[in-house]
Structures are given as structure tokens and as C-alpha cells.
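As C-alpha cells, the structure follows; a few thoughts come after it.
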Amino acid sequence: MYSLKELTLLDENGIRSDGRGINDLRSIKITVGVVKNADGSAFIEFGKNKIIVAVYGPREVHPKHMALPDRCVLRCRYHMSPFSTDTRKNPAPSRREVEISKVMRESLEPSLILSDYPRAVIDVFVEVLQADGGSRCAGINAASVALADAGINMRDLVSACAAGRIADNIVLDVNDLEDKEGDADMPVAYMPNLEQVTLLQLDGKLTTTQFNECLNKAITGCKAVYEIQKDALMKKYFGNEMELKEEA
Amino acid sequence: MQEIKRRYVIPGDKIIEGNYKPLMNVVKSGNYLISTRVGIAEAGKDGVKVIPLSGVYIPRVNDLVIGKVIDRSSLSWDVDINACFLAHLPAQDVFGRDFSPAKDDMGRQLGIGDLIIARIVSFDRTRDPMLTVQDKDLGKIPYGEFIKISPTRVPRLIGKRGSMIQTIEQATQTRVIIGQNGIVVVTGRDPEGLSLAAKAIRLVEEESHTTNLTQRVKTLLNVQDPEDQEQSEAVEASSSSASGGGIQEPEPPQASAESTPQTTSSQPQPEPPQASAESTPQTTSSQPQPEPPQASAESTPQTTSSQPQPEPPQASAESSQTTSNSVKTSSSTKEKHKIENSEKSSNSNSNDDQKEKKQE
Numbered sequence: 001m002y003s004l005k006e007l008t009l010l011d012e013n014g015i016r017s018d019g020r021g022i023n024d025l026r027s028i029k030i031t032v033g034v035v036k037n038a039d040g041s042a043f044i045e046f047g048k049n050k051i052i053v054a055v056y057g058p059r060e061v062h063p064k065h066m067a068l069p070d071r072c073v074l075r076c077r078y079h080m081s082p083f084s085t086d087t088r089k090n091p092a093p094s095r096r097e098v099e100i101s102k103v104m105r106e107s108l109e110p111s112l113i114l115s116d117y118p119r120a121v122i123d124v125f126v127e128v129l130q131a132d133g134g135s136r137c138a139g140i141n142a143a144s145v146a147l148a149d150a151g152i153n154m155r156d157l158v159s160a161c162a163a164g165r166i167a168d169n170i171v172l173d174v175n176d177l178e179d180k181e182g183d184a185d186m187p188v189a190y191m192p193n194l195e196q197v198t199l200l201q202l203d204g205k206l207t208t209t210q211f212n213e214c215l216n217k218a219i220t221g222c223k224a225v226y227e228i229q230k231d232a233l234m235k236k237y238f239g240n241e242m243e244l245k246e247e248a
Numbered sequence: 001m002q003e004i005k006r007r008y009v010i011p012g013d014k015i016i017e018g019n020y021k022p023l024m025n026v027v028k029s030g031n032y033l034i035s036t037r038v039g040i041a042e043a044g045k046d047g048v049k050v051i052p053l054s055g056v057y058i059p060r061v062n063d064l065v066i067g068k069v070i071d072r073s074s075l076s077w078d079v080d081i082n083a084c085f086l087a088h089l090p091a092q093d094v095f096g097r098d099f100s101p102a103k104d105d106m107g108r109q110l111g112i113g114d115l116i117i118a119r120i121v122s123f124d125r126t127r128d129p130m131l132t133v134q135d136k137d138l139g140k141i142p143y144g145e146f147i148k149i150s151p152t153r154v155p156r157l158i159g160k161r162g163s164m165i166q167t168i169e170q171a172t173q174t175r176v177i178i179g180q181n182g183i184v185v186v187t188g189r190d191p192e193g194l195s196l197a198a199k200a201i202r203l204v205e206e207e208s209h210t211t212n213l214t215q216r217v218k219t220l221l222n223v224q225d226p227e228d229q230e231q232s233e234a235v236e237a238s239s240s241s242a243s244g245g246g247i248q249e250p251e252p253p254q255a256s257a258e259s260t261p262q263t264t265s266s267q268p269q270p271e272p273p274q275a276s277a278e279s280t281p282q283t284t285s286s287q288p289q290p291e292p293p294q295a296s297a298e299s300t301p302q303t304t305s306s307q308p309q310p311e312p313p314q315a316s317a318e319s320s321q322t323t324s325n326s327v328k329t330s331s332s333t334k335e336k337h338k339i340e341n342s343e344k345s346s347n348s349n350s351n352d353d354q355k356e357k358k359q360e
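Going down the list, the sequences are from chains R and G.
Quick note: the first sequence uses this note's numbering, first residue 1, plus one each step.
Quick note: the second sequence uses this note's numbering, first residue 1, plus one each step.
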């Protein structure tokens with residue numbers, strides 16, 4: 001049974017169940033500005049994950065008593081659609097969704113300059129249309145791009161990527177099967193320009209060496225994701241021109 | 001100090017290294033200046049700034065904004081100014097110091113749903129914005145085409161010294177009132193002109209960051225280059241002086257719209273401005289006008305009767321729209337350009353006056 005699992009997750013050539021190598025990311029595509037009614041939005045395809053994020057704000061806080069006098073309130077809602085998984089997901093917020101909403105909010109908060117908008121609120125809605133493991137990382141990536149699209153003052157973008165352990169190998173960007181059958185899963189969110197980690201979770205057991213390797217690998221993944229986020233934003237706002245041409 | 005080229009940035013991008021002053025949408029991190037918004041970074045002797053390309057409106061003191069009255073209390077109106085805070089317009093500002101909530105009927109001045117152009121007099125981190133309409137060109141906007149654009153596109157829509165908005169206004173024969181909060185109201189007599197102006201404004205909004213935008217707007221509006229225009233104007237001027245008014249005027253309705261308030265104020269007329277207001281009902285009574293209660297168009301009929309109008313039935317009512325709104329210009333640059341226009345149109349005004357006198 002164990003050997004079968006090992007064979008399925010990682011073969012002797014270092015090829016994973018979905019055909020990737022141990023250092024490969026899934027294909028990532030980000031589109032910015034997909035929700036017209038929102039102040040900022042993004043759609044991400046992270047492998048088989050499909051997530052749409054809409055950002056509203058800064059806007060008036062309702063209920064008013066939630067407002068903070070010195071800074072903005074960040075509200076985050078992670079939600080999985082009933083059709084996002086193979087068996088129907090109850091649309092009511094589950095314990096897992098409430099927790100992921102919290103960790104997403106905490107991972108995005110350090111990148112935002114919330115003191116610029118006192119007595120206001122920023123709402124981030126993360127809707128998972130199709131889930132395939134690593135949806136919180138994909139959600140953070142899209143949310144960060146959507147926040148930039150909404151024109152909220154940010155110190156840096158937040159990029160997220162997971163790393164994990166499968167059959168004593170540290171692999172990058174764990175998918176759903178690897179998450180369930182693997183030995184460890186470590187989602188990391190990172191601000192690439194400031195070189196600061198904003199989220200680090202670990203599900204499973206790792207030795208110190210494995211932990212360091214896993215963290216470094218996840219950060220490498222985050223940096224790769226950052227380039228895709230940057231390209232998506234640049235494409236939305238500046239088309240294909242990366243350099244500004246001075247007007248005569 | 002090292003000058004850098006303007007370049008596109010996203011949040012977190014390092015703009016420049018060194019001891020520069022962060023001006024706008026820039027933070028200092030270590031020895032670097034970092035952009036906090038998607039936009040165009042500029043570094044000069046004064047400091048480093050990023051011109052943002054997205055974002056909601058954050059009120060600033062002295063901004064001219066267009067807002068919608070959404071509620072009223074016994075002492076003030078609540079105005080939605082397209083920002084994260086509701087603005088307040090005190091009733092005393094409209095009624096004067098002797099305002100009494102028991103005596104004065106606030107609904108008579110401003111109702112819920114009314115659009116106003118106002119100036120922000122106070123706003124800080126702890127208080128909601130406070131508005132005033134106690135200034136020239138401020139107050140209720142009776143009618144017009146309502147367009148909402150991103151507040152970050154407003155400077156581009158106005159253009160350098162009002163060039164862009166001037167181009168749109170002249171080509172479409174409309175009057176465009178712009179609020180710093182991204183709300184634009186377009187008024188004019190010609191429905192085609194209105195839709196063309198709206199299209200041009202949308203184009204500016206969508207392609208605000210691109211180069212050669214003014215040229216593209218001119219192409220959309222079928223505007224000639226300034227040199228050609230000057231030549232054609234010179235030709236027309238010579239022909240009109242010979243024949244006493246050409247058939248094809250490049251901007252007759254514009255001139256009429258702009259000329260009206262200035263006619264009353266600047267031209268040496270026997271009647272004072274109030275007198276011209278008195279003259280309005282005489283003419284308006286003879287013409288069916290879909291006029292709002294506050295018919296603020298003072299000398300409209302004069303203009304209507306004197307100008308060569310392409311659409312006579314609508315003309316008086318719609319020119320009055322333009323007149324009343326032309327008073328309420330949103331920015332100082334626009335005021336400046338209005339003055340320029342008034343100078344342009346002063347010739348046509350004097351002709352108009354002569355014609356009116358003859359008719360009388």
C-alpha cells in the first residue's frame with residue numbers, strides 16, 4: 001500500500017502524479033479587473049484552482065461600531081462554491097473557511113498601509129470556483145493583485161506558494177492529492193521586495209533541515225509567482241509596453 | 001541630484017535609491033523609495049511621486065466635487081461625494097447665518113437626489129468632509145448627462161492647462177463640469193454632441209496612461225489640428241466680416257452658450273444683470289420650456305433669438321441649460337479657459353446685441 005502511494009505521488013525519475021518535477025509550479029494565469037462593479041478584482045487559475053477575488057473599498061464601515069479611529073478595517077471572506085469540489089460543498093461558511101479567511105486577512109494586512117484610511121473598511125471577497133489544493137495560496141495571490149487594482153496603498157505585493165514533503169522529498173507547490181496523501185504541507189506567503197514572510201503554516205512533520213529546505217523552496221516559488229502577478233498588473237494598466245514613452 | 005526617467009510601477013517597486021523626499025504614493029524603506037500604487041513614477045528635485053492609475057477618491061480640502069444629496073437632518077444635508085465618507089453641507093451655508101430649522105424649509109433649497117457642485121472646506125482623519133456652496137459657480141446642478149469616471153483620470157481629462165476638456169467642449173459644443181471626485185456632468189443642446197462628449201470622456205478614462213491621447217481624442221471628435229483651425233478661422237473671420245455672418249460657423253452654439261453670462265456682466269448694456277433676468281419671463285412665456293423651478297438662465301432668450309440655431313424648437317430651452325451650467329465650472333483651469341473663450345466670443349456677442357436692438 002505504501003509503495004503504491006509512493007509510486008503514485010513521486011516516481012523513481014522524480015516525476016510527480018501530475019507530471020511535474022519536484023521544483024515545478026503548476027501553470028498560473030492571472031487576469032486583472034474581471035469584476036466591473038468592484039473597485040479591484042482578479043481571476044487566478046493556479047493549476048486546476050479557479051478563484052475570483054473582488055475588492056471593495058476603502059468604503060464606509062457598516063456596522064459603524066466596527067470602525068477604527070486610526071486605521072482601516074480589513075475584512076476578508078474566503079468561500080468555496082458548492083460546485084468547487086467533487087462532492088457538493090455546503091455553501092454555509094465552514095470552520096475551515098472561517099479559519100482560511102482569518103489567515104488570508106493576516107497575510108495581506110502587513111502589505112497594506114491601513115493607517116492611510118482611518119474609519120473606513122476594505123472588503124476582500126475570495127470565491128473559489130474550482131478547488132485543487134493550495135487554494136489559500138492562490139487566493140492570497142489573486143487578492144493581493146486585486147488590492148493593487150483597487151488602488152489601495154501597499155508596501156509590496158504578497159505572493160504565496162506552498163511546499164511540502166512527499167516520500168522524503170521536498171517538493172514545490174503541493175496539489176490536492178499530494179496535500180492529502182503527502183507527509184507535510186507548508187503554505188507560505190511572502191513579500192518579495194521587502195523579503196518578509198507574512199504567512200507560514202505547516203501541516204505535518206519536518207526535521208529542521210527539511211523545514212529550512214521547504215521554506216526556501218516555498219520562497220523561491222513565491223518569487224516566481226510574483227513575476228506572474230507583476231506581469232498581470234502591468235498588462236492591465238500599461239498593455240504590452242513595459243517602458244514609458246514620453247509624449248511629445 | 002539624479003533625475004530619473006518616468007516609468008511604470010506597481011506596489012513594492014523600488015523607484016530610486018538615495019536621500020529623496022517621498023511626495024505622493026511613495027514610502028521609504030531603508031535607502032530606497034518604494035511605490036505604493038500602480039502608476040507612473042516621477043522623480044525630480046522636489047522629491048519622488050507616483051501618479052496613480054487606480055483608486056477611489058480620498059477627499060482633500062479645497063477640492064471641487066460633485067455630490068448627490070442623499071439625506072438631510074434638521075441642520076445639514078448629507079452628500080454622497082463618491083468617497084468613503086459622507087460629506088455634510090450645513091444648512092447655514094445655504095440659508096445664511098440666520099437659518100432657523102423651525103422657520104426655514106430646507107427642502108425648498110435642496111431635495112434628496114439633487115446634484116450639487118461644492119467645495120470641501122474641511123476634512124481630516126477624524127472628521128467627515130464639510131462642504132460649502134458659498135462661492136462663485138457653486139450650487140445645484142439642474143440638469144445634465146451624469147458620467148462617473150475613475151477619480152485618478154480627472155487630471156488627464158482636464159489636460160494640461162485644460163487643453164483636453166477644452167478640445168472636447170469645443171468639438172462637441174457642450175459644457176463639461178468635472179468634480180475632483182470623478183463625477184462629470186455634461187450639458188449641451190445637441191444630443192449627438194452629448195453622446196460624442198461622453199464617448200470622448202470614456203476614451204480618456206480607458207486610455208489615460210497612453211501616449212498621444214489628445215491626438216486620438218481629436219481624431220474621435222474630428223477636430224482639425226490647431227494650425228489648420230487657425231487658418232480656417234482666419235478665412236471665416238474674413239468672410240463673415242464681408243458678409244455679416246457665415247453659414248458654417250465653427251462654434252456658434254458654443255459661443256452662444258458661453259457668451260450669455262459674459263454678455264450680462266462684461267458688455268456695456270443699458271440693463272443691469274437683474275434686468276436681463278427680468279426679461280426672461282417675457283420670452284419664456286411665449287415658448288414651451290421644460291424648465292426646472294429655478295430658471296437661472298438669465299439672458300437665454302436673447303441669445304436664442306439672436307444666434308443662428310440649427311434646431312429652433314429646442315433651442316431656447318436647451319441653450320438655457322447650457323447657460324445656467326456654464327456658470328458652474330469645476331476647476332480654475334476651466335475658468336481660465338472660459339475667459340479665453342469669452343474673449344473669443346466677444347465679437348459675436350456685440351453682433352448679437354446689435355441684432356437684438358434691431359429686433360426690439
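A virtual CB, placed ideally from N, CA and C, is assigned to each residue, including glycine.
The structure presented is a predicted model; accordingly, all values stated were derived computationally and were not measured.
Beta carbon of ASP132/R, beta carbon of ASN212/R: below 8 Å? no
Quick one: any contact between the region 186 to 194 of chain R and the region 132 to 149 of chain R, if contact means 3 or more CB pairs under 8 Å? Enough Cβ pairs lie closer than 8 Å, so yes.
Looking at chain G, is there any beta carbon in it that lies within less than 8 Å of the beta carbon of LYS50/R? no
Residues of the region 14 to 34 of chain G with a CB closer than 8 Å to any CB of chain R: list them in chain order, please. LYS14, ASN25, VAL27, SER29 and ILE34
Find the residues of chain G that neighbour ARG75/R, judging by a C-beta separation of less than 7 Å, and give them in chain order. Those within 7 Å of ARG75/R in chain G number zero; the least Cβ separation is about 14 Å.
State buried or exposed for LEU108/R, treating a residue as buried only when at least 16 other CB atoms are found within 10 Å of its CB. buried
Neighbour-count burial assignment, LYS230/R, 16 or more Cβ in a 10 Å radius: Answer is buried; the Cβ neighbour count reaches 16.
Evaluate contact between the region 119 to 126 of chain G and the region 157 to 170 of chain G, counting only Cβ atoms and requiring at least three cross-stretch pairs below 8 Å. no
ASP80/G versus PRO155/G: straight-line alpha-carbon distance, rounded: 21 Å
Name the chain G residues that come within less than 8 Å of MET230/R, Cβ to Cβ? According to the sequence as given, residue 230/R is Lys; it is not Met. Residues of chain G passing the Cβ test: ILE10.
Cβ-based burial, LYS136/G [other Cβ within 10 Å; buried from 16]: exposed
If the criterion is Cβ atoms closer than 8 Å, does the pair VAL73/R and MET80/R meet it? no
Partners in chain R for LEU53/G, counting only beta-carbon separations shorter than 7 Å: Contact of LEU53/G with chain R by beta-carbon distance below 7 Å involves TYR237.
Measure the CB-CB distance between GLN92/G and PHE99/G and report whether it falls below 8 Å. yes
Do ILE66/G and ILE117/G have their CB atoms nearer than 8 Å? yes
Taking 8 Å as the threshold (C-beta atoms), are PRO129/G and PRO59/G in contact? yes
List the residues that DSSP assigns as beta-bridge partners of SER159/R. TYR190/R, per the DSSP bridge assignment.
Leaving out the 5 sequence neighbours to the left and right, which residues in its chain are closer than 7 Å to GLY193/G when beta-carbon positions are compared? THR172, GLN173 and THR174
Under 7 Å from any heavy atom of the ligand COA, does the C-beta of ASN222/G make it? This structure simply doesn't include the ligand COA, nor any ligand for that matter.
If ALA120/R and ARG59/R are in contact, beta carbons under 8 Å, what's the gap, nearest whole angstrom? 6 Å
The region 215 to 228 of chain R contacting the region 25 to 33 of chain G, beta-carbon criterion three pairs below 8 Å: Contact between the region 215 to 228 of chain R and the region 25 to 33 of chain G is absent, because fewer than three Cβ pairs lie under 8 Å.
Just verifying my parser: in three-state terms, what is the DSSP assignment at HIS62/R? Coil, per DSSP.
Assuming PRO22/G and LYS14/G make a contact with CB atoms under 8 Å, what is their CB distance in whole Å? PRO22/G to LYS14/G, Cβ: 13 Å. No contact.
Taking just the CA atoms, how far does ASP185/R sit from GLY204/R? 6 Å
Any contact between the region 86 to 98 of chain R and the region 13 to 31 of chain R? By contact I mean 3 or more CB pairs, one from each, below 8 Å. no
CA-CA distance, LYS103/G and ILE178/G? 35 Å
Taking C-beta to C-beta, are TYR57/G and PHE238/R nearer than 8 Å? no
Reduced DSSP category for CYS137/R - H, G, I as helix; E, B as strand; rest coil: helix
C-beta neighbour in chain R for ARG125/G, strict 8 Å: yes
Distance, GLY151/R Cα to VAL38/G Cα: Using only the alpha carbons, I get a separation of about 7 Å.
Go ahead and pull the three-state DSSP assignment for GLU249/G. Since pLDDT at GLU249/G reaches only 32, below the 50 mark, its modelled position is unreliable, and the value read off the structure follows with that caveat. Of the three classes helix, strand and coil, the one that applies to GLU249/G here is coil, per DSSP.
Would you say ALA198/G reaches chain R, if we count a Cβ-Cβ gap shorter than 8 Å as a contact? no
Can you tell me the Cα-Cα spacing of LYS236/R and ALA142/R, whole angstroms? 14 Å
Would PRO58/R pass as an interface residue toward chain G - the criterion being a Cβ-Cβ separation below 8 Å? Chain G contact via Cβ: present.
Who are the neighbours of PHE85/G on chain R, taking C-beta pairs under 8 Å? GLU60, ARG119 and ALA120
Sequence-distant residues of its chain with Cβ nearer than 6 Å to ILE28/R (five each side left out): PHE46 and ILE228
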